[in-house]
Amino acid sequence: MRLCGEKDIAAAIRQHSEAQRAEIERLRVMADEPTTKRVWDGIQAMAGLFADPDHMPTVLEFKAAFDAAFVMDGKPYDVERIKAEWQSDYAAMEARATTAEASLAAMTAERDEAIADWQGANAECHRLAEDAGATECTLERVRGELAASQERERALREAHTNAMGQLNCAIYRARHIAKWHADPNCDVKARAEEVEAHARAAKEVLVAALQTKEDVNGR
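The structure is reproduced here in structure tokens:
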């Protein structure tokens, strides 16, 4: 269903007004200036029939003056015919007015429905705007949490780098310890256990750092 707006209602009112003006113009033409003048002259002629107190006009004289005055549309004046025409014209105008009023009422109802729909849509827009504001707040909170998580990840990367450095140092130290003590008088087994302990400690630090990093990435 197409909704009617102010322009549609204004157009309907304008169309109804134009129809009324056309009807008034038609009625005005029926009583234009020549016709009015003829009627007035006829009335004066009838009045002139009684101007002479010594002369009483006959019925034929009065009828002739009356017919001369009230000949309309080329037809003799007929009260019943004119009355019927005017009643018909009035009924037609009344029907057009009723139709126009019904159309205006329907369009007004459609306009009110459109206004109600617009108000509902406007309320929905306000609700969506409020939801968007709440979403923006949530987004800001998530951004803050993400920044904190990135900071923790940076710290873990730094710890991982330090652990790798410690591991490399332990490996370097273990190799040189084994090299420096590779003499017959050195307790090779004890030195090997010492090197293994250093490597194991460094490996545990590295594994712990990697596990913490995986936990952070999983969140």
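With the working numbering applied, the sequence shown corresponds to residues 17 to 235, in that order.
Every residue, glycine too, gets a C-beta built ideally from N, C-alpha and C.
Proximity of residue i and residue j at Cβ, strictly below 7 Å
{"i": "residue 186", "j": "residue 218", "result": "yes"}
{"i": "residue 222", "j": "residue 179", "result": "yes"}
{"i": "residue 225", "j": "residue 150", "result": "no"}
{"i": "residue 35", "j": "residue 112", "result": "yes"}
DSSP-derived helix/strand/coil call for residue i
{"i": "residue 17", "result": "Low confidence applies here, because residue 17 scores a pLDDT of 41, under 50, leaving its location unreliable and the question unanswered by this model."}
Of the listed residues the options, nearest to residue i (C-alpha basis)
{"i": "residue 31", "options": "108, 104, 105 and 119", "result": "119"}
{"i": "residue 184", "options": "158, 216 and 105", "result": "216"}
{"i": "residue 173", "options": "107, 227, 101 and 115", "result": "227"}
{"i": "residue 182", "options": "220, 161, 123 and 27", "result": "220"}
{"i": "residue 105", "options": "210, 133, 156 and 38", "result": "38"}
Heavy atom of the ligand FAD within 6 Å of residue i beta-carbon
{"i": "residue 137", "result": "The ligand FAD is not part of this structure, which contains no ligands at all."}
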